[in-house]
Amino acid sequence: PAVMNAANEIAVEAFLKERISFVDIFTLVSRVMGTHTCIDNPELSGIIEADRWAREKAQSLIQSLA
Numbered sequence: 374p375a376v377m378n379a380a381n382e383i384a385v386e387a388f389l390k391e392r393i394s395f396v397d398i399f400t401l402v403s404r405v406m407g408t409h410t411c412i413d414n415p416e417l418s419g420i421i422e423a424d425r426w427a428r429e430k431a432q433s434l435i436q437s438l439a
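Right, dumping it as C-alpha cells:
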C-alpha cells in the first residue's frame, strides 16, 4: 500500500499541475506498481524506503507521459 499511495500522490499532484492527463494517473501508478517488488511484513524502515522509492520512480516516469 505504501508504494501505491506514494505513486498516486505524485500522480495526482502532477495532474493538478496539468503535467499529466487524468487517465495518466492510472498509467503512472500502474507503471510504478509494475516495477515494485512486494515485501511481506516489512519493517518501518522498509516502508519508508518503499515510499521514497515510489515517489522518485513516479517523478521520473512523469517525463515519459508528458
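Numbering of the sequence shown is given in this note's numbering, commencing with residue 374 and proceeding in unit increments.
From the three backbone atoms N, C-alpha and C, an ideal C-beta is built for every residue, glycine too.
Computed from a prediction, not measured in an experiment: that's the story for all the values here.
Give me the residue from 396, 430, 437 with the minimum Cα distance to residue 379.
As a position in the sequence shown, residue 379 is number 6, starting the count at 1. Of the listed residues, the one whose Cα sits closest to residue 379 is 430.
Helix, strand or coil for residue 410 per DSSP?
Position 37 of the sequence shown, counted from the start, is the residue given in the question as residue 410. In this structure, residue 410 counts as coil in the three-state DSSP scheme.
Beta-carbon spacing of residue 387, residue 435 below 8 Å
For the purposes of this step, residue 387 is identified with residue 14 of the sequence shown, where counting begins at 1. For the purposes of this step, residue 435 is identified with residue 62 of the sequence shown, where counting begins at 1. Yes, the pair counts as a contact, with Cβ atoms nearer than the cut-off.
Just to confirm before moving on: does the CB-CB distance between residue 341 and residue 385 stay below 8 Å?
Nothing about residue 341 can be reported from this structure: the residues present for the chain run from 374 to 439 only.
What is the rounded straight-line gap between the Cα of residue 425 and the Cα of residue 439?
Along the sequence shown, one-based indexing puts residue 425 at 52. Along the sequence shown, one-based indexing puts residue 439 at 66. Their Cα atoms are separated by approximately 22 Å.
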